[in-house]
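For reference, the structure discussed in these notes is given below.
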Amino acid sequence: MAENVGKRLEQKESKQKKTKKPSRLTKGQKWLLAVAIVLAVVLVAVVALDGLFVKPELPGKGNGSNADGTQAGDGIDYGDGVQPRVSGERKSKDYYTVLILGRDTGGGGNTDTMLLASYDVTNQKANVMSIPRDTMVNVNWDVKKINSVYNMNGGGEKGIKALYKEISQLVGFEPDYQVILEWEAVGKIVDAIGGVDFDVPYPMDYHDSAQDLVIEQAPGLRHLSGDDAMQVIRWRKNDKDSPYGYNKGGVGDAGRMELQQNFLKAVIKEMMQPKNVLNIGKIAKVFEESVETDLSFQNILWFGKRAFSGGLSMDDVNFMTMPYKGAAAYSRVYSKQLGKDFYLEYVVPIPGKLLDIVNNQLSPFKEIFTLSDLDIMSVNKDGSVSSTTGHVEDSKAAVPPTLMGSGKKDEPEKDYITDENGNLIDPDTGEIVSPPEETKPGTETPSEPTPETPATPETPGTGTETTDPSGSTGGETGTGSPETPDQPEDPGIIVVPPEEPATPDANQGLDPVTGEPLPMGG
Numbered sequence: 004m005a006e007n008v009g010k011r012l013e014q015k016e017s018k019q020k021k022t023k024k025p026s027r028l029t030k031g032q033k034w035l036l037a038v039a040i041v042l043a044v045v046l047v048a049v050v051a052l053d054g055l056f057v058k059p060e061l062p063g064k065g066n067g068s069n070a071d072g073t074q075a076g077d078g079i080d081y082g083d084g085v086q087p088r089v090s091g092e093r094k095s096k097d098y099y100t101v102l103i104l105g106r107d108t109g110g111g112g113n114t115d116t117m118l119l120a121s122y123d124v125t126n127q128k129a130n131v132m133s134i135p136r137d138t139m140v141n142v143n144w145d146v147k148k149i150n151s152v153y154n155m156n157g158g159g160e161k162g163i164k165a166l167y168k169e170i171s172q173l174v175g176f177e178p179d180y181q182v183i184l185e186w187e188a189v190g191k192i193v194d195a196i197g198g199v200d201f202d203v204p205y206p207m208d209y210h211d212s213a214q215d216l217v218i219e220q221a222p223g224l225r226h227l228s229g230d231d232a233m234q235v236i237r238w239r240k241n242d243k244d245s246p247y248g249y250n251k252g253g254v255g256d257a258g259r260m261e262l263q264q265n266f267l268k269a270v271i272k273e274m275m276q277p278k279n280v281l282n283i284g285k286i287a288k289v290f291e292e293s294v295e296t297d298l299s300f301q302n303i304l305w306f307g308k309r310a311f312s313g314g315l316s317m318d319d320v321n322f323m324t325m326p327y328k329g330a331a332a333y334s335r336v337y338s339k340q341l342g343k344d345f346y347l348e349y350v351v352p353i354p355g356k357l358l359d360i361v362n363n364q365l366s367p368f369k370e371i372f373t374l375s376d377l378d379i380m381s382v383n384k385d386g387s388v389s390s391t392t393g394h395v396e397d398s399k400a401a402v403p404p405t406l407m408g409s410g411k412k413d414e415p416e417k418d419y420i421t422d423e424n425g426n427l428i429d430p431d432t433g434e435i436v437s438p439p440e441e442t443k444p445g446t447e448t449p450s451e452p453t454p455e456t457p458a459t460p461e462t463p464g465t466g467t468e469t470t471d472p473s474g475s476t477g478g479e480t481g482t483g484s485p486e487t488p489d490q491p492e493d494p495g496i497i498v499v500p501p502e503e504p505a506t507p508d509a510n511q512g513l514d515p516v517t518g519e520p521l522p523m524g525g
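If you use our numbering, the sequence shown corresponds to residues 4 to 525, in order.
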């Protein structure tokens, strides 16, 4: 019996030594744990995603001038030209400017599309100004069209830097950043976001076997693919034998700029749709392959995030074209090529109107610009050219031209560039050309494409001013290798025209409508 009692005591002690099982979580505890795990995952995701959006730092820009007039940094050498502003009090905390250049690899890298944009992130306002490719700029060679700058400086990084310099001097300040995109990137971005709804304004029917270019687009509101988009933004005119009509369908360079502006606005609207957050990877790939910029992709995503979260309305995205008028200036190179006097068509900014846009829509600085801060070219009554800065880079163009009929001879021109094989290269198209000395007078067309029916201006330096153009303003250069235009049988010798107002003095008042100088008081 004693033995049985001992066994029972041992069993009791053994049970007491067993570890108690932990109590199970209540429903409330389980719910709290789940919430904590989800919050942790979200927090990690937010931190990771936040790294995708990096606010850009304002760069220390090159060799322009600070607000106090002192020189800034090491960079572009502006020489005796206007020193663009690079610093000063900004209009708002986050106000940025970007130079956007469209480069066509099929056309020798020509930069025929130039856009200067400002984005006031604080107040959610954006402005984009197109700069016509025939804009006259202050350079030291004969062909002064802004789209000659890239090739005249050898293309590549050097050419882009030179173009950046000219645009900076034109508007009086250095843009904060630059974006250079191959035209093909536009089509790739459109495909990456699943297409774009766009109202095609005209029937488009153009074919160019030399460029392997086919444009066939029906008018009306349509959902465009990347290929459709590329056709639309490259179109300028229809074939001469098009059933839609040649003149009826053609809109010229100015009309194409307006069309491109409307299309880019449609792309921006589509990219801001929430669904395209899922397409960030595809868009990033396009930027990596086809875009050169001093902004990181994370910087660009930051702009997109701020536009989306800040409620940027498309009504607050304003596209415009640089206000301008037509002008014609004597060309020494082409006159020599043709063996007769030849005037090249340009567009020149309307001083007062451009100044107003710079001060109120483009410049990031509070300080007001004056005409002397902008390098605006014009053609004078005697055929010479001048600048609002008072300095002209091309000394030969700063004096009246010597007409070929005068019996006098100019010094041989050396305004060509050469490739590594010694071939002469046209400054505008980048194509190999024959030297002027080998050209038989009056038998060959100049390498610089001219309008299909080139006019012989009776009054160089004059023209109809245009703010929002819809017709052709310059040469018929296409995107890519230009077609050879017809030349007049005999352009003849152009007589020096009657007087026209010279370039306004920096302190002279301007007519608010025409931009022309008002009479100075005695």
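Ideal Cβ placement from N, Cα and C applies to all residues, glycine included.
To the nearest angstrom, how far is the alpha carbon of M275 from that of L281? Put simply, the backbone Cα of M275 is about 12 Å away from that of L281.
Less than 6 Å between C-beta atoms, sequence neighbours within five positions excluded: which residues of the same chain meet that for S228? The beta carbon of S228 sits closer than 6 Å to the beta carbons of G198 from its chain, once the five residues preceding and following it are set aside; these are given in chain order.
Coil, strand or helix - S387 by DSSP: Correct three-state label for S387: coil.
In chain order, what residues of the same chain lie with their CB nearer than 8 Å to the CB of T138, ignoring the 5 residues before and after it? So the list reads K148, I149, L173, M325, Y327, Y349, V350, V351, P352, once near-sequence residues are dropped.
Can you tell me the Cα-Cα spacing of I103 and F372, whole angstroms? Between I103 and F372, the C-alpha separation is close to 22 Å.
Stretch-stretch touch, CB-based, cutoff 8 Å, three pairs: the region 88-103 with the region 174-186: Here the region 88-103 makes contact with the region 174-186; the two share three or more CB pairs at distances below 8 Å.
Endpoints, alpha helix (DSSP H) assigned at M139: Per DSSP, M139 belongs to no alpha helix (DSSP H) and is neither H nor E.
Bounding residues of the beta strand (DSSP E) (the contiguous stretch that carries V146): First-last for V146: undefined, no H or E at that position.
On a CA-only basis, which of P59, P367, G393, H210 is nearest S90? Give me that one, please. Checking every option, the nearest Cα to that of S90 belongs to P367.
Out of S293, D230, G223, L119, point me to the one whose CA is closest to L216's CA. A check of alpha carbon separations from L216 across S293, D230, G223, L119 identifies D230 as the nearest.
Mark P457 as exposed unless 16 or more other C-beta atoms lie within 10 angstroms of its C-beta, in which case mark it buried. No answer about P457 holds up, because its pLDDT of 37 lies below 50 and its placement is not dependable.
Run through DSSP, which three-state label would S366 get? Coil, per DSSP.
On the CB-based measure, 16 or more other CB atoms within 10 Å of its CB, does P87 come out buried or exposed? Taking all protein chains in view, the Cβ of P87 is crowded by 16 or more other Cβ atoms within 10 Å, so the residue is classified as buried.
Euclidean distance between Cα positions of K168 and G248: Cα-Cα distance, rounded: 41 Å.
Of all the options V235, E396, A129, G158, which has the alpha carbon lying nearest to the alpha carbon of F266? It is V235 whose Cα lies nearest to the Cα of F266.
For a quick check, are the C-beta atoms of V85 and G162 less than 8 Å apart? Taking 8 Å as the Cβ cut-off, V85 and G162 do not qualify as a contacting pair.
Is there contact between the region 295-302 and the region 188-208, where contact requires at least three CB pairs shorter than 8 Å? No: the two stretches stay apart, fewer than three of their Cβ pairs being nearer than 8 Å.
Under 8 Å: do the region 308-321 and the region 335-350 share three or more Cβ pairs, one atom per stretch? Output reads no: the region 335-350 does not touch the region 308-321.
To test your reading of the DSSP string, which unbroken beta strand (DSSP E) runs of 3 or more residues are found completely within the region 183-266? If we require 3 residues or more, the beta strand (DSSP E) runs fully inside the region 183-266 come out as 199-203, 207-211, 216-220, 223-227.
Run through DSSP, which three-state label would S299 get? DSSP places S299 in coil when its eight states are reduced to three.
DSSP bridge partner residues for A331 (one or two, in chain order): A331 is bridged to E348.
Starting from M117, trace the beta strand (DSSP E) in both directions and tell me its first and last residue. Element bounds for M117: 113-123.
Inter-residue spacing [alpha-carbon to alpha-carbon] between L315 and S121: Between L315 and S121, the C-alpha separation is close to 14 Å.
Expressed to the nearest angstrom, what Euclidean distance is found between the alpha-carbon atoms of P277 and L304? Their Cα atoms are separated by approximately 13 Å.
How big is the Cα-Cα spacing for R309 and A287? The straight-line gap separating the alpha-carbon atoms of R309 and A287 is approximately 18 Å.
Got a sec: does the ligand SAM put a non-hydrogen atom nearer than 7 Å to the Cβ of M325? In the structure shown, the ligand SAM is absent, as is every other ligand, since no ligand is present at all.
Can you grab the Cα-Cα spacing for the pair F345 / E291, in whole Å? Using only the alpha carbons, I get a separation of about 45 Å.
Around the Cβ of G410, are there at least 16 other Cβ atoms within 10 angstroms (buried) or fewer (exposed)? With a pLDDT of only 45 at G410, under the threshold of 50, the placement of this residue in the model should not be trusted, and no figure is reported.
Are the beta-carbon atoms belonging to G190 and A232 less than 8 Å from one another? Contact flag set, yes.
Which first and last residues belong to the beta strand (DSSP E) in which Y99 is found? Per DSSP, the unbroken beta strand (DSSP E) holding Y99 starts and ends at 98-107.
Would you mind working out which of G82, D359, K272 sits nearest V193, comparing C-alpha positions? Closest by C-alpha distance to V193, out of G82, D359, K272, is K272.
Where do the N-terminal and C-terminal ends of the beta strand (DSSP E) with F372 fall, by residue? First-last for F372: undefined, no H or E at that position.
Starting from M323 and walking both ways along the beta strand (DSSP E), at which residues does that stretch end? For M323, the enclosing beta strand (DSSP E) covers residues 320-324.
Check whether D256 and H210 have beta carbons under 8 Å apart: No, Cβ-Cβ distance for D256 and H210 is not below 8 Å.
From which residue to which residue does the beta strand (DSSP E) around V402 run? Where V402 is concerned, there is no enclosing beta strand (DSSP E), given that its DSSP letter is neither H nor E.
Would you call the CB atoms of L347 and A331 closer than 8 Å? Yes, the pair counts as a contact, with Cβ atoms nearer than the cut-off.
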